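Under numbering that gives the first Met the number 0, the first residue of the sequence shown is numbered 0, with each subsequent residue one higher.
Every residue gets a Cβ at the ideal spot worked out from N, C-alpha and C, and that includes glycine.
All values derive from a computational prediction rather than experimental measurement.
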Amino acid sequence: MTEKRAARDQRARFEALARVVAEPLHRYLLRRAEPDQVDDVLAETLLVLWRRIEDVPGLDTAPVPAPDPDAVLPWCYGVARGCLANARRADRRRRSLLERLTWTANTAAGVAEPADADHTALHTALAQLRALDREIVQLWAYEELTPSRIAEVTGLTANEENSEATIFDAGTHQAFGAPAK
């Protein structure tokens with residue numbers, strides 16, 4: 000196979016993958032990222048998918064019309080999760096630098112930041128969960144993934160994911176104001 004043909008096949012595989020995963024990944028990121036970060040994180044995710052096209056589980060080596068979403072999406076959600084974590088770390092570093100610069104420029108006492116007026120009971124309850132627990136709930140509720148697919152996204156085994164679900168079950172019921180089972 001010539002290099003040109005291999006490059007063309009790789010591009011066809013990526014385009015088929017992107018057609019299947021772009022919209023679900025966009026929805027996934029809309030629920031987890033700041034609105035101004037979504038497009039950038041999605042672009043970074045697609046770039047990682049392009050670079051690691053050979054590593055995508057469930058994607059055949061030959062160009063196909065459409066890969067099976069159930070086979071490729073969990074891995075792609077994991078990639079998006081990592082890209083979002085990187086974006087959040089970068090954002091924290093930028094904010095920290097801005098705060099230090101502001102504090103240095105202003106010798107007076109710091110001004111309290113305004114409260115976020117958009118919090119709902121759901122977001123408050125989700126915020127009370129540990130990060131992994133929150134991710135598991137969101138993958139189950141928003142992405143409608145099965146425990147085995149959730150385990151694949153989070154890097155846990157299905158048994159660990161089920162154990163995590165059991166551990167935080169009572170806390171979740173308490174946070175959402177429902178009686179524990």
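Residue j beta carbon less than 8 Å from that of residue i
i          : j          : result
residue 16 : residue 46 : no
residue 44 : residue 78 : yes
residue 76 : residue 14 : no
residue 19 : residue 71 : yes
Euclidean distance between Cα positions of residue i and residue j
i           : j           : result
residue 11  : residue 69  : 20 Å
residue 96  : residue 50  : 31 Å
residue 35  : residue 120 : 23 Å
residue 133 : residue 139 : 10 Å
residue 41  : residue 137 : 18 Å
residue 90  : residue 1   : 43 Å
residue 145 : residue 99  : 44 Å
residue 131 : residue 94  : 24 Å
residue 23  : residue 38  : 13 Å
residue 129 : residue 135 : 10 Å
residue 26  : residue 87  : 18 Å
residue 21  : residue 9   : 17 Å
residue 125 : residue 156 : 23 Å
residue 7   : residue 127 : 48 Å
Residue i, buried or exposed, once every other Cβ within 10 Å from all chains shown has been counted against 16
i           : result
residue 92  : exposed
residue 153 : buried
residue 4   : exposed
residue 64  : exposed
residue 53  : exposed
residue 151 : buried
Anticipated Cβ contact below 8 Å, residue i with residue j, distance rounded
i           : j          : result
residue 148 : residue 73 : 4 Å
contact_flag[the segment 72-87, the segment 25-34] where n(CB pairs < 8 Å) is 3 or more: Cβ pair count under 8 Å is three or more, so yes.
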